[in-house]
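Chains as they are written, first to last, in our numbering: chain H, 86 to 206; chain C, 29 to 135. A virtual CB, placed ideally from N, CA and C, is assigned to each residue, including glycine. The structure under discussion appears below in the form of structure tokens.
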Amino acid sequence: EVQLVESGGGLVQPGGSLRLSCAASGFIFSSYAMNWVRQAPGKGLEWVSTISGSGLSTYYADSVKGRFTISRDNSKNTLYLQMHSLRAEDTAVYYCAKEVVVPAARRFDYWGQGTPVTVSS
Amino acid sequence: DIQLTQSPSFLSASVGDRVTITCRASQGISSYLAWYQQKPGKAPKFLIYAASTLQSGVPSRFSGSGSGTEFTLTISSLQPEDFATYYCQQLNSYPRTFGQGTKVEIK
């Protein structure tokens, strides 16, 4: 059974930093791209970042580029999101999601339960 | 960046109704479109990929269609458990944008 469990969220002051983790199990972690998607309170889904299975390719939303870094440790089956220079508008529930990258079947097929991040003084 | 616009943003319907949600892309995305369902306080659940392929286990009352720039999600007979917010997502290019969502509420 595929499981994705996020952790590391919490309350942080503006300008602060936080590192989120997503522990994966139930599939060959290194074979799949992984994503972070966030959802601000009462708002829709916003894609944040993607990392390839090997970790060699990364992609970011413009809203977080230069402040957030996605990474993975395939030996630990864990995905990370390092967040710096946090702003109030980064307040959201952060989900990790597994991606199927077969061209004809791309989708985010499994999602974690989310970890909340609140940026406030 | 590719923008996705869903319509309507809000939909009030009764159990048994046929419901259609439209997702329009600002440029062609072939069939690289997925649909998700989200209930309050829960993570999104993946429903459909490649615009029209149903995920295993998803009830057959759900269907998707379209290609290029216009896509639809149809629920043929709305059930109580279908009241939720639905999102489309394009996976043609980065950024992997989502539509703004369509909230389906009980009439």
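Query	Result
Do three or more CB pairs link the segment 103-118 of chain C to the segment 56-76 of chain C at distances below 8 Å?	yes
Under a CB-based cut-off of 7 Å, is Gln128 (chain C) close to chain H?	yes
Take the Cβ of Ser59 (chain C) as the centre, count every other Cβ of all protein chains shown within 10 Å, and call the residue buried at 16 or more, exposed below.	buried
Excluding five sequence neighbours on each side, which residues of the same chain lie with their C-beta closer than 6 Å to the C-beta of Ile155 (chain H)?	Ser134, Ile136, Thr143, Leu166
At a CB-CB cut-off below 7 Å, which residues of chain H make contact with Phe74 (chain C)?	Arg192, Phe193, Asp194
I need the straight-line Cα distance from Val43 (chain C) to Glu109 (chain C), nearest angstrom please.	10 Å
Can you name the residues of chain C whose CB is closer than 7 Å to the CB of Trp132 (chain H)?	Pro123, Arg124, Thr125, Phe126
Could you tell me if Arg104 (chain H) is buried or exposed, where buried requires 16 or more neighbouring beta carbons within 10 angstroms of its beta carbon?	exposed
Compare the beta carbon distance of Val90 (chain H) and Gly111 (chain H) with 7 Å and say whether it is the shorter of the two.	no
What residues of chain C sit near Tyr180 (chain H), judged by a beta carbon separation below 8 Å?	Ala71, Pro72
Need the endpoints of the beta strand (DSSP E) that Lys73 (chain C) sits in, please.	73-77
Mapping the DSSP letters down to three states, classify Ser116 (chain H) as helix, strand or coil.	helix
Compute the beta-carbon to beta-carbon distance between Val192 (chain H) and Val202 (chain H), rounded to the nearest angstrom, for a pair I have assumed lies under 8 Å.	The question names Val, yet the displayed sequence has Arg at residue 192 (chain H). Incorrect: roughly 25 Å between the Cβ atoms, too far for contact.
Leu130 (chain H) and Phe74 (chain C) - do their beta-carbons sit closer together than 7 Å?	no
Are the C-beta atoms of Leu82 (chain C) and some chain H residue less than 7 Å apart?	no
I believe Thr130 (chain C) touches Gln31 (chain C) by the beta-carbon criterion, under 8 Å. Please report the beta-carbon distance rounded to the nearest angstrom.	Contact doesn't hold; Cβ gap of about 16 Å is too wide.
Alpha carbons only, please: which of C:Ala71, C:Thr48, C:Ser91, C:Lys135 is nearest the one belonging to Cys181 (chain H)?	C:Ala71
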